Structures are given as C-alpha cells and as structure tokens.
Amino acid sequence: MSGKGGGVPHDEATRRPDPRPTFEQVVADYGDKVASIALHLTGNADDAADLTQDVFERVYRNLHRYQPGTFDGWLYRITRNLFLDRVRRRAQVRFEPLPADEWRVPASREPGPADVVERATLEARLEVGLALLAPDFRLAVVLCDIEGLTYDEIAHTTGWPLGTVRSRIHRGRKTMREYLAAHPAQDDAPAPAPRERHD
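Each residue of the sequence shown is one higher than the one before, counting from 878 in the numbering used here.
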C-alpha cells in the first residue's frame, strides 16, 4: 500500500522502518489507496466510504502508538481488522458491481468496440465472483491480485501464517474460476438449438 509519493519499496532487503508520519500526511498519502481497497473489499461505494472513514478515525486515535516499522503493513492491518469486524457484525453484506474502470485489466493495444464490451463483461463477472468469496478469501485475493502484494507481504500484513495465505489465495481463485466456468459470458455460452419451423 504505497502512497502517492512512491511509499516504501516492496523489496524486503531495502525496507527500512518508516518514521512516524503526521495524520495529515497519512490522509494525503494513503487516502485514495485505502478508499480503493475498501471499495474492493466491500463491493459497495457507501460501505467503502464508511470503512475508509473508520480506518482514518482509528489511525487518528492510534497514530501516537505507531512504532516505526512498516507503515503500509500497519495501515493494511487496521483496514483488514475493521473490514472483518464489519462483516462479523452483519449477517449479510450487500454487494453492488464496481464501476468498470476499477479493475486493472491491461490493454495491449487500442481497444475496439468488441474489446470494450468483452472487457466490461469480464470485469462484471469478476466482480460477482469476488463478491461470492468468504471475507478472508476475498481479502487475500484483493491484496494479491489487485494490490499486487507478495505472499510474504500478505502474511506480514494480515498476521496469517504463510501456508494460510497460500491456501486462501488458491481457494479464492479456484472459487472464482469455478464461478466463471459455470457462468460463461454470453458469447461463450453454447448457442441455443435452432427451432424447428412448423409452417
């Protein structure tokens, strides 16, 4: 979760403890990133805004307790814990599809109309698949496949053992693959059999 200014390098060999930032620096450097993660975790703009506000309220109350280390990890843990607390408090979380531009699907060339439709369809299907995951699996997949963290970084951030991280990512991806296979895009679906005409 590096901020706008580049943040902390992901290379463990070069990682140094972060000094304690001011609250204003935290909001300026990490506001957009926390909001993006919250949106991917909750799947709902209103819930994401609430979660983002909760994260920064928690940071504001606890910034004096932050021991210089890896600030990104500390902020991820706060976001994760508050997200899981919210899920536990609710019997069911509402999910709405994210806007199409929220998924990072790289384009290798200038997309044509068919590419745009195909991408939008894939993104919508991925959002539904992500929403079906259990909260811990969803968190693992979001941190790995959307935020680009390594397994070691996810283990450090969440406090999960490395084997648990691997298992949750594997099972989350498997669940999404199964969903995508069971719910093909309209173009992938088998064509209906032609009807016989009875004139």
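The C-beta atom is built at its ideal place from N, Cα and C for all residues, glycine as well. All values reported here derive from a predicted model rather than from experimental measurement.
Under a 10 Å Cβ-count criterion, K910 is classified as buried, with 16 or more other Cβ atoms of the shown protein chains found around its own Cβ. Between the alpha carbons of A922 and L916 lies a gap of roughly 6 Å.
Pairing T1052 with F1014 gives a Cβ-Cβ distance under 8 Å. Shown here, W951 sits in a helix according to DSSP, grouped into three states. The DSSP-derived three-state label of H1060 is coil. The C-alpha of Y943 lies about 23 Å from the C-alpha of L1016. With respect to G1006, L1039 sits apart: the two C-beta atoms are not nearer than 8 Å.
For V932, the closest of W951, G920 and T947 by C-alpha to C-alpha distance is W951.
Judged by DSSP in its simplified three-state form, T899 adopts coil rather than helix or strand. In the DSSP assignment, A922 falls within the alpha helix (DSSP H) that extends over A922 to N939.
The DSSP-derived three-state label of L1010 is coil. Linking T1035 to S913 through their CA atoms gives a straight-line distance of about 18 Å.
Assignment of G1040 by DSSP, reduced to helix, strand and coil, places it in the helix class.
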